[in-house]
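Asks: Numbering (numbering that gives the first Met the number 0), first residue to last: 0 to 396.
Built from N, CA and C at the ideal position, the CB exists for glycine as well.
Note that the structure is a prediction, hence the values are computed from the model and not measured.
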Amino acid sequence: MTERVVLAYSGGLDTSVCIGWIAEETGAEVIAVAVDVGQGGEDLDVIRKRALACGAVEAEVADAKDEFADEYCLPAIKANALYMDRYPLVSALSRPTIVKHLVAAAKKHGATTVAHGCTGKGNDQVRFEAGISSLAPDLKCIAPVRDYAMTRDKAIAFCEENNLPIATTKKSPYSIDQNVFGRAVETGFLEDIWNAPIEDVYDYTSNPATPRDADEVIITFKEGVPVAIDGKPVTVLQAIQQLNERAGAQGIGRIDMVEDRLVGIKSREIYEAPGAIALITAHQELENVTVERELARYKRQVEQRWSELVYDGLWFSPLKRALDGFIAEANQQVSGDIRMTLHGGRAVVTGRRSERSLYDFNLATYDTGDTFDQSLSKGFIEIFGMSSKIAAKRDLA
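(1) Let me check one thing: in DSSP terms, what residues is E258 bridge-paired to?
(2) If I measure Cβ to Cβ from G247 and keep anything under 7 Å in the same chain, skipping five residues before and after, which residues do I get?
(3) Identify the continuous beta strand (DSSP E) that holds M339 and give its terminal residues.
(4) By a C-beta neighbour count over all protein chains shown, 10 Å radius and 16 as the cutoff for buried, is F360 buried or exposed?
(5) Run through the DSSP bridge pairs and tell me what F383 is partnered with.
(6) Look at the alpha carbon of H342 and the alpha carbon of I276, and state the distance between them as a whole number of angstroms.
(7) Go ahead and pull the three-state DSSP assignment for N194.
(8) Which of the three DSSP states, helix, strand or coil, is assigned to C72?
(9) Going by beta carbon distance, what residues of the same chain come within less than 6 Å of V226, once the five residues before and after it are set aside?
(10) Assuming Q332 contacts V290 under a Cβ cut-off of 8 Å, what Cβ separation, rounded to an integer in Å, is found between them?
(11) Can we count M339 as close to the ligand GDP, meaning its CB is less than 8 Å from some heavy atom?
(12) My output table needs one value for T209: the three-state DSSP class, helix, strand or coil.
(13) Should E284 go down as buried or exposed, given a rule of 16 or more other Cβ atoms within 10 Å for buried?
(14) Taking only the alpha-carbon atoms, compute the straight-line gap between D65 and L236 and give it to the nearest angstrom.
(15) If I follow the unbroken alpha helix (DSSP H) through I251, where does it start and stop?
(16) How many angstroms separate the CA atom of E28 from the CA atom of V56?
(17) What do you reckon, are the CB atoms on R85 and I254 nearer than 9 Å?
(18) So V4 and T25 are supposed to be a Cβ contact under 8 Å. How far apart are they, rounded?
(19) Quick check on this structure: which residue in T370, T118 and L73 has the alpha carbon closest to the alpha carbon of V262?
(20) Quick one: any contact between the stretch 262-271 and the stretch 180-190, if contact means 3 or more CB pairs under 8 Å?
(21) Give me the Cα-Cα distance between H100 and A7, rounded to the nearest whole angstrom.
(22) Under a three-way DSSP split, which group does F400 fall into?
(23) Classify F220 as helix, strand or coil using the three-state DSSP reduction.
(24) Which residue wins for smallest C-alpha separation from A91, given the options V125, T111, Y173 and L138?
(25) From the DSSP output, in three-state form, read off P273 for me.
(26) Report, in whole angstroms, the separation of the C-beta atoms of L88 and V309, which I expect to be a contact under 8 Å.
(27) So which of G223, I239, D191 and G344 has the shortest CA-CA distance to V210?
(28) Ordered along the chain, which non-local residues of its own chain (more than five positions away) have a Cβ less than 6 Å from that of L73?
(29) With burial defined as no fewer than 16 other Cβ atoms inside 10 Å of the residue's Cβ, what is the status of N122: buried or exposed?
(30) Taking all protein chains shown into account, do 16 or more other C-beta atoms lie within 10 angstroms of the C-beta of P143, making it buried, or fewer, making it exposed?
(31) Of all the options V200, I228, G39 and E354, which has the alpha carbon lying nearest to the alpha carbon of Q177?
(32) So if DSSP puts N178 in a beta bridge, which residue, or which two residues, is it bridged to?
(33) Out of I337, L313, W305 and R338, which one is the CA nearest neighbour of I325?
(34) In chain order, what residues of the same chain lie with their CB nearer than 6 Å to the CB of Y71, ignoring the 5 residues before and after it?
(35) What residue range does the alpha helix (DSSP H) around K99 cover?
(36) L138: which of K319, T367 and F127 sits nearest, CA to CA?
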């Protein structure tokens with residue numbers, strides 16, 4: 000029986016060439032799987048037909064936008080997930096979504112191997128292969144660009160020799176990965192970290208320096224889930240899409256950073272994530288109103304570790320699963336409205352209201368009606384500072 004390989008297929012040059020390349024190198028039949036996580040571009044049926052024309056014995060396409068939003072982006076919003084305190088895990092979140100579809104296709108078609116188009120120096124190879132091995136430990140993984148030294152020049156030559164139905168001339172100066180949660184841009188002149196990004200790098204966001212009227216928005220959450228925008232019910236996908244448009248029009252969500260890759264190198268990345276940044280900013284502020292102090296302090300530690308695990312490709316790991324349970328519990332009271340002004344590249348919170356609020360006006364006010372018993376504070380401070388006071392007497396002796 001002929002071996003079968005499931006290929007993560009994008010419809011572009013590299014993965015189109017991978018179909019015939021894998022068949023030549025391994026003698027296997029190739030099943031192409033394309034997953035729509037809101038990256039835009041060509042119609043899924045066009046991509047499916049191209050895969051078949053390039054030699055795939057079968058091709059599957061999946062509209063996974065709602066799945067991606069509900070099962071991957073939403074947990075990141077609840078976790079206020081920002082790797083290195085800045086990056087909202089745009090690409091890292093899409094990989095486990097795609098992995099689930101690759102593994103399902105491998106089981107359906109009796110494949111023994113899964114292939115992807117990643118290089119040997121990025122994070123995505125780890126995200127794909129660690130995810131696949133967690134869901135299906137018996138599946139093998141190959142990466143033609145990494146494992147068979149499939150350079151772009153070789154890919155173009157292969158494409159032309161085999162008359163594959165894909166353009167080989169146009170090449171963006173950037174490496175771009177995008178989905179509904181955001182957009183990642185690297186390589187080209189950006190690899191010199193002294194070079195400032197230019198406007199043509201951006202697509203999801205307008206120039207924040209351009210004068211325009213501010214946009215005020217009210218986001219409603221229920222147990223950490225965005226459920227309405229300006230009072231109108233939305234799905235998680237719709238919330239992201241609407242805020243991509245509105246926050247993006249104000250230049251919100253541009254990130255230029257040098258980040259620590261899992262493979263040990265530092266990499267300069269440009270990100271655009273207007274909807275993600277707006278939603279996480281709103282969610283963080285609603286947590287400030289509704290989550291008890293000690294839980295909130297501990298959750299901030301969990302958020303950092305959760306973000307690192309997802310960035311490192313360990314979405315399906317036991318620790319990530321356990322932390323999911325904590326984050327879900329911590330979001331039980333995170334319900335209410337956040338009002339924000341979107342303007343000049345910033346999403347600024349201007350109002351908060353919640354039936355689950357822990358903010359007590361009568362305790363917080365300094366005016367008439369103050370119910371806080373200030374006479375208790377003197378004794379509290381004496382006891383609270385006692386251990387430090389005792390240590391200071393010893394150290395200063």
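Replies: So, from the data block:
(1) Taking the first residue of the sequence shown as position 1, residue 258 is located at position 259. For E258, DSSP records a beta bridge to S266.
(2) Working through the sequence shown from its first residue, we reach residue 247 at position 248. Around G247: Y203, T204, S205 and P273.
(3) Indexing the sequence shown from 1 puts residue 339 at position 340. Taken as a continuous stretch (DSSP letters only), the beta strand (DSSP E) holding M339 covers G335 to H342.
(4) Start at 1 with the first residue of the sequence shown, and residue 360 comes out as number 361. Burial call: exposed.
(5) As a working mapping, residue 383 is identified with position 384 in the sequence shown. F383 pairs with nothing; no bridge assigned.
(6) Position 343 of the sequence shown, counting from 1, holds the residue named residue 342. Position 277 of the sequence shown, counting from 1, holds the residue named residue 276. Their backbone Cα atoms lie some 13 Å apart in a straight line.
(7) Working through the sequence shown from its first residue, we reach residue 194 at position 195. N194: coil per DSSP, three-state reduction.
(8) On the sequence shown, residue 72 is found 73 positions in, with the first residue counted as 1. If DSSP states are grouped into helix, strand and coil, C72 belongs with the helices.
(9) Position 227 of the sequence shown, counted from the start, is the residue given in the question as residue 226. Contacts found: T219.
(10) In the sequence shown, residue 332 corresponds to position 333, counting from 1. In the sequence shown, residue 290 corresponds to position 291, counting from 1. Indeed they touch by this definition, with Cβ atoms about 7 Å apart.
(11) With respect to small molecules bound, the structure shown includes none, and the ligand GDP cannot be examined in it.
(12) Position 210 of the sequence shown, counted from the first residue, corresponds to residue 209. Reduced to three states, the DSSP call for T209 is coil.
(13) Taking the sequence shown and counting its residues from 1, the one referred to as residue 284 is at position 285. The residue is buried, with at least 16 neighbouring Cβ atoms inside 10 Å.
(14) To locate residue 65, count along the sequence shown from 1; it is residue 66. To locate residue 236, count along the sequence shown from 1; it is residue 237. Going by the C-alpha atoms only, they are around 6 Å apart.
(15) Along the sequence shown, read from residue 1 onward, the residue named residue 251 stands at position 252. Note, I251: premise wrong, no alpha helix (DSSP H); not H, not E.
(16) By one-based count along the sequence shown, residue 28 stands at place 29. By one-based count along the sequence shown, residue 56 stands at place 57. Those two C-alpha atoms are separated by around 6 Å.
(17) In the sequence shown, the residue the question calls residue 85 occupies position 86. In the sequence shown, the residue the question calls residue 254 occupies position 255. Contact: yes.
(18) If you number the sequence shown from 1, residue 4 lands on position 5. If you number the sequence shown from 1, residue 25 lands on position 26. About 7 Å; that satisfies the 8 Å criterion.
(19) For this step, residue 262 is matched to residue 263 along the sequence shown. Minimum Cα distance to V262 is reached at T118.
(20) yes
(21) Counted from its first residue, the sequence shown places residue 100 at position 101. Counted from its first residue, the sequence shown places residue 7 at position 8. When rounded, the distance between both Cα atoms is 9 Å.
(22) Any question about residue 400 goes unanswered here, given that the chain covers just 0 to 396.
(23) As a working note, residue 220 is residue 221 in the sequence shown. Residue state, collapsed to three classes: strand.
(24) Stepping through the sequence shown from its first residue, residue 91 is reached at position 92. The shortest C-alpha separation from A91 is found at V125.
(25) Translated into the one-based positions of the sequence shown, residue 273 becomes position 274. The three-state secondary structure of P273, taken from DSSP, is helix.
(26) Here residue 88 refers to the residue found at position 89 of the sequence shown. Here residue 309 refers to the residue found at position 310 of the sequence shown. Confirmed, Cβ separation roughly 5 Å.
(27) Along the sequence shown, one-based indexing puts residue 210 at 211. The sequence shown places Pro at residue 210, not Val. Answer by Cα proximity: G344.
(28) Walking along the sequence shown from the start, residue 73 turns up at place 74. Counting only Cβ-Cβ distances below 6 Å, and skipping sequence neighbours, we find V235.
(29) One-based indexing of the sequence shown puts residue 122 at position 123. Classification of N122: buried, given that the 10 Å Cβ count is 16 or more.
(30) Taking the sequence shown and counting its residues from 1, one reaches residue 143 at position 144. That one is buried.
(31) Numbered from its first residue, the sequence shown carries residue 177 at position 178. If we check each option's Cα against that of Q177, G39 comes out closest.
(32) Position 179 of the sequence shown holds residue 178. In DSSP, N178 forms a bridge with G181.
(33) The residue you call residue 325 lines up with position 326 of the sequence shown. For the sequence presented, residue 325 should be read as Phe rather than Ile. Comparing Cα positions, the closest option is W305.
(34) As a working note, residue 71 is residue 72 in the sequence shown. Around Y71: L92 and T96.
(35) Within the sequence shown, numbered from 1, the residue matching residue 99 stands at position 100. K99 -> alpha helix (DSSP H) spans V89 to H108.
(36) Locating residue 138 in the sequence shown gives position 139, counting from the first residue. Comparing Cα-Cα distances from L138 to each of K319, T367 and F127, the minimum goes to F127.
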